[in-house]
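See below for the structure under consideration.
4 protein chains.
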Amino acid sequence: MSELRVKRDPEGTRRRILEAAAEQFTKFGLAGARVDAIATVAGTNERMLYYYFTSKEGLYVAVLEAMYAQFAEREGSLDLSGLQPSDAIRKLAQSIWTHLRDNPQWLNLVNNENLHEGRYLERSSRLRETISPVVDLLRAILERGASEGQFRPGIDPLDFYVTLVGMGYYVVSNRFTLEAFTGRNYAEQRNHESISRLHVDMLLSYLRPDSRTMD
Amino acid sequence: MSELRVKRDPEGTRRRILEAAAEQFTKFGLAGARVDAIATVAGTNERMLYYYFTSKEGLYVAVLEAMYAQFAEREGSLDLSGLQPSDAIRKLAQSIWTHLRDNPQWLNLVNNENLHEGRYLERSSRLRETISPVVDLLRAILERGASEGQFRPGIDPLDFYVTLVGMGYYVVSNRFTLEAFTGRNYAEQRNHESISRLHVDMLLSYLRPDSRTMD
Amino acid sequence: MSELRVKRDPEGTRRRILEAAAEQFTKFGLAGARVDAIATVAGTNERMLYYYFTSKEGLYVAVLEAMYAQFAEREGSLDLSGLQPSDAIRKLAQSIWTHLRDNPQWLNLVNNENLHEGRYLERSSRLRETISPVVDLLRAILERGASEGQFRPGIDPLDFYVTLVGMGYYVVSNRFTLEAFTGRNYAEQRNHESISRLHVDMLLSYLRPDSRTMD
Amino acid sequence: MSELRVKRDPEGTRRRILEAAAEQFTKFGLAGARVDAIATVAGTNERMLYYYFTSKEGLYVAVLEAMYAQFAEREGSLDLSGLQPSDAIRKLAQSIWTHLRDNPQWLNLVNNENLHEGRYLERSSRLRETISPVVDLLRAILERGASEGQFRPGIDPLDFYVTLVGMGYYVVSNRFTLEAFTGRNYAEQRNHESISRLHVDMLLSYLRPDSRTMD
DNA sequence: CATGAATGAGCTTTCATTCAT
DNA sequence: TATGAATGAAAGCTCATTCAT
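Chains as they are written, first to last, in the numbering used here: chain A, 10 to 224; chain B, 10 to 224; chain C, 10 to 224; chain D, 10 to 224.
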């Protein structure tokens, strides 16, 4: 917006619309966002929005795809080679949680998508593969840990991954209602670190081979 | 709707509006819900909605209050006396998770409230006390477990509670996006039980006094 | 409103509604006034308003009648006996102008009635006689002045009366737009007195028998 | 309305809306006028009204400005050069009164604005200068008349102007209530001429230098 | 590629009024 | 006599979208 405007700049216009839409959809949801506001923020007019994305919903799907792509790229570039299994888990968790904490708008979009029962996600093509690399990575770590006798065997990597992500997701996504009820703001550095320590502890306690005897 | 309609029934009208609003707000969010649809579902006309709740937002706040009250009532009535500490944790977790899984609309409302950064929750009065009874209960269990040498000492009950709730919350709230990416539907009995088992295991592993040496 | 409320007080209720209606109609006009606001100000409910006055328009007509009656009563009680013709004119004018200045809301009502082309005034019965006593009074003064050689003869008392009233009416009724354009506020004592002096001068100059030669 | 419609005609659309609004606001006042009716009369839809004028009130202010501008233009083009002072007064008065009589809707708008205590007039910018040219003109006439010994000296031109305008304003603006009470219709040619003669006589009688001795 | 003008449907809200007790 | 509950119509305004240039 504040950047220098070129007269005919198709790619730039498209990109600015997408960025503005991302901002508005994450702030207000699909129903709450205004086409008019998106155009204004993008520094163009409503017509262009339809020119490039066909409809409000089309634009919403485009934003969804872009954000998932961005998220996947970030997770895919994680290098855990040469680490002890427990350290690898630690680093993986911290990486994901930090990313979530630093991109809370992203969570709004995901929540919105769940409100719509995933309808728009289905509409998009390239997806499923988005998540698998990280789960594969995790599977490898768990297997290595088990074979080395450090982790308990037989853990489902997908459930474990979902649990790990959920720990970071919940405290960020629900930071406002949580603060209202607990008086504790989990977006604050101190509180976030403190509960993250708890979460790492919990994950690693669970992975210990002897802990299994308890249940 | 299908219930017998009495001609003059202020309490009934009010209640039906509230129920219809709860349904619509949880389905579509504050912005997405239509006043007109709420009135129709409630079997009355739009005017009554303003008669009883002043505005759409006023109605939203009323729904929010009602749902939180309902949630608190349910959690408050939990009886864990006479149970071993670890069994008490198990029962508490199962109770909360079951409740969450059976009331997914409730989570939509909470997510919506987080989208609004908790603005409407602030507007309501009676709150904070809603959560404390359960946390007090949990604190007592943790202390008893620690004094009996079964749990590690020094655990923050609030962080532990948030973690516990979050485990159940995340898989239910995000069931649609999770299914899109993992192919696994956590609303299904089998998957829900399986990951719940993982979560209980994890909580109890963490609580074991010797697990602490690991980190 | 602030007076002591009796439980069953038909006359009081009716009177309070009428007073509240007068206030609201003069402030906002017929279209702008709100039935709901009238009831609130009157300290009763909307239903009573319909009980006593049938409709909003019925109430408006009642207010109109009441205010005209009040105005007529005031003018009718004027005693000009024993005064020199020119002094009688002076006193008559001052009396009317002061009354207008002190009851600007009344003018709003009259303007409103003119906006409606006098439709509601027609609906009322006892009227025409309202004005005649003052005009009769004025006619008598003019005739006496003429027969005594102080006033020019042949003046139409009705036109003269209309002119006289209009002088006071215009500066009060249009005080806001006049101030916006002239910067002079004719509701202020000083300005009102100054222009009133001009008006009296003008009326009396015109009445002088020799002034007629000029035209 | 009945004119030929061009498909894309921004200026025309804007103008037609303004004209329709002027008609409706003068007929029914700000509160009484209907946005829907304005759009229909303008031969467009309600949306365009907001497109060009932001809100109903915005449109009202635009109408106000347009009508004042029109009024000012008309008065500004008056040529009184080469006339005897008394004839100049006569011509000025006749010009203003005729204009008022021929544009009674304009008076409705002014009355409406006074009902609103001039709130919307304030909102507008260019104003004060609207009236001054005519007052300057009048001041010059009065001074010339005084220096030539035809008029009494020391007359305040602003008060004199207000009085002059008021004479024409009152009988037109209040023609309906006046007819209800006096039975005389001042919009009719005969009656209007008759009272106008009285008014001119009165103004000139007052201006005569010797009339001043009377008071 | 870009944009101002135009549209109709639908939104939340308010209105005057009537019903039932 | 008094009042809370109920209503339908319509108000002002906003929405996503399309047309014409």
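We put the beta carbon where it would ideally sit given N, CA and C, even for glycine.
Quick check on residue i: buried or exposed, where buried means 16 or more other Cβ atoms within 10 Å of its Cβ?
i             : result
residue 184/A : buried
residue 54/D  : exposed
residue 186/B : buried
residue 33/C  : buried
residue 94/B  : buried
residue 132/C : exposed
residue 56/C  : exposed
residue 17/B  : exposed
Do you know offhand how far residue i's Cα is from residue j's?
i             : j             : result
residue 73/D  : residue 201/C : 27 Å
residue 19/D  : residue 26/C  : 49 Å
residue 211/A : residue 209/B : 11 Å
residue 50/B  : residue 29/B  : 6 Å
residue 76/A  : residue 91/A  : 30 Å
residue 206/D : residue 207/C : 19 Å
residue 204/A : residue 35/B  : 29 Å
residue 176/C : residue 198/C : 16 Å
residue 118/A : residue 112/B : 21 Å
residue 31/B  : residue 68/B  : 9 Å
residue 127/B : residue 160/A : 41 Å
residue 84/C  : residue 114/C : 17 Å
residue 106/D : residue 42/A  : 56 Å
residue 165/C : residue 63/D  : 51 Å
residue 78/B  : residue 163/A : 41 Å
residue 292/D : residue 80/C  : Outside the shown range of chain D, which is 10 to 224, sits residue 292/D, and nothing can be said about it.
residue 10/A  : residue 120/B : Any answer about residue 10/A is weak, because its pLDDT of 38 lies below 50 and its placement is not dependable; what the coordinates show is given next. Residue 10/A and residue 120/B: Cα-Cα distance of roughly 30 Å.
residue 155/B : residue 156/A : 33 Å
residue 158/D : residue 108/C : 38 Å
Quick one, which of the options has its alpha-carbon nearest residue i's?
i             : options                  : result
residue 188/A : 71/B, 130/B, 105/B, 31/B : 130/B
residue 82/D  : 143/D, 160/D, 23/D       : 143/D
residue 122/C : 190/D, 79/D, 175/D       : 190/D
residue 65/D  : 52/D, 44/D, 87/D, 164/D  : 44/D
residue 171/B : 42/B, 141/B, 89/B        : 141/B
residue 52/C  : 21/C, 42/C, 78/C         : 21/C
Just to confirm, are residue i and residue j a CB contact at a threshold of 8 Å?
i             : j             : result
residue 116/C : residue 195/C : no
residue 38/A  : residue 40/B  : yes
residue 146/C : residue 169/C : no
residue 58/C  : residue 46/C  : no
residue 102/C : residue 151/C : no
residue 23/A  : residue 61/A  : yes
residue 167/D : residue 193/C : yes
residue 104/B : residue 124/B : no
Three-pair Cβ contact test at 8 Å for the stretch 93–100 of chain C versus the stretch 197–216 of chain C: yes
Inter-stretch contact at 8 Å, needing at least 3 Cβ pairs: the stretch 60–75 of chain A / the stretch 163–182 of chain A: no
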